[in-house]
Each structure stands twice: as structure tokens, then as C-alpha cells.
Amino acid sequence: MAGDFYSSEGDAVLREAGLRVTRQRQAIVRVLFEAEDHPDAEQVLVRARDKDASVSQATAYRTLGALADKGLLHRHMFDGGVTRFELATRPHHDHLIDVESGEVMEFVSDEIECLQRRIAAEYGYDIVAHRLELYCKKRRS
Ligand SMILES: [Zn+2]
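Residue 140 is where the sequence shown starts when you use the working numbering, and the numbers rise one by one after that.
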């Protein structure tokens, strides 16, 4: 019962990382494609096991490491603690982190993008990548 939940885009990501395509790795990559919450390695493992119970911790951690090392997966350390993952193929966005709940929200601001390019240009540079993280507390009024 491969079919719809094992996508060819997932296989392509594995091959790009130089990994052999296995059912276990397909389950891991599928989890990454489905994730909307920047999961950590443990969460990826649990969700991958829901798809394929034979996914081992070593396979999950090694696969995540290999994808990240190849630049196919972003590592985030929003709270300076646990590493969280996000596919690098997702459209660019910045993050707002609620420091009380740990919730991570995504936003895009053309104004900020523009301003950053202008600052880089003033120093004689073109931006090749950037990360912006806003650490926030919810307003109480
Ligand atoms: Zn994100």
C-alpha cells in the first residue's frame, strides 16, 4: 500500500541527500512534508512510527542529520534548546516565537525583506539567505 502517502517529491529529497530510498526513510520525509509545527527529532520519530512502526531512532536521527547537512532541511533552535526541523524547500518566511507557550508562528513581510536587501546593499552585499526570529510575549491589556 505505497501509493499516495509516499510521494515522489519525498523520494527526490532522499536521493538528493545521497540516501537510499527505504520505506522507513520515506515515512520520515513524509512527516517533514506534512509538518506545520517545526517538530523536533523525537516528534518526527513518533509520527514516522505512526506511518511505519519499524522506523528506528537511529534511522530517524541519521536521516534528519543527513538531510540537514545537505541543506535540504533547516535546523532551528528557537529557544536555544532542542533542535527543530523544517524542510528547506518551503517558501521563505520568518518566525515569531511566543516565549511563554513556545508556539512558533510564521510570517512574511515584504517591507522587512526589502529593508534587509537595502541594508546589505549599503554594505556592498547581496543577501543569499537570512533568518529572523522575533521572541515575543503576548500583550495583555
Ligand atoms: Zn517555519
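By construction, the Cβ of each residue, glycine as well, lies at the ideal position given by its N, Cα and C atoms.
Reference residue i; option with closest CA among the options
| i | options | result |
| --- | --- | --- |
| D237 | R159, E272 and L158 | E272 |
| Y218 | G204, G241, K209 and L206 | A small correction: the amino acid at residue 218 is Asp; Tyr does not occupy that position in the sequence shown. For D218, the nearest C-alpha among the options comes from G241. |
| Q163 | T228, V183 and F246 | V183 |
| T228 | G220, V185 and K209 | K209 |
Closer than 8 Å: residue i CB and nearest ligand 1 heavy atom
| i | result |
| --- | --- |
| E242 | no |
| H234 | yes |
| R229 | yes |
| H177 | yes |
| E225 | yes |
| E155 | no |
| E181 | no |
Three-state secondary structure assigned by DSSP to residue i
| i | result |
| --- | --- |
| E242 | coil |
| Y200 | helix |
| D249 | helix |
| D218 | coil |
| D176 | coil |
| D150 | helix |
| R229 | coil |
| I258 | helix |
CB-CB length for residue i against residue j, believed under 8 Å
| i | j | result |
| --- | --- | --- |
| P178 | R223 | 6 Å |
| G149 | F172 | 6 Å |
For residue j and residue i, the rounded distance between their alpha carbons
| i | j | result |
| --- | --- | --- |
| A268 | D191 | 35 Å |
| Y262 | R270 | 18 Å |
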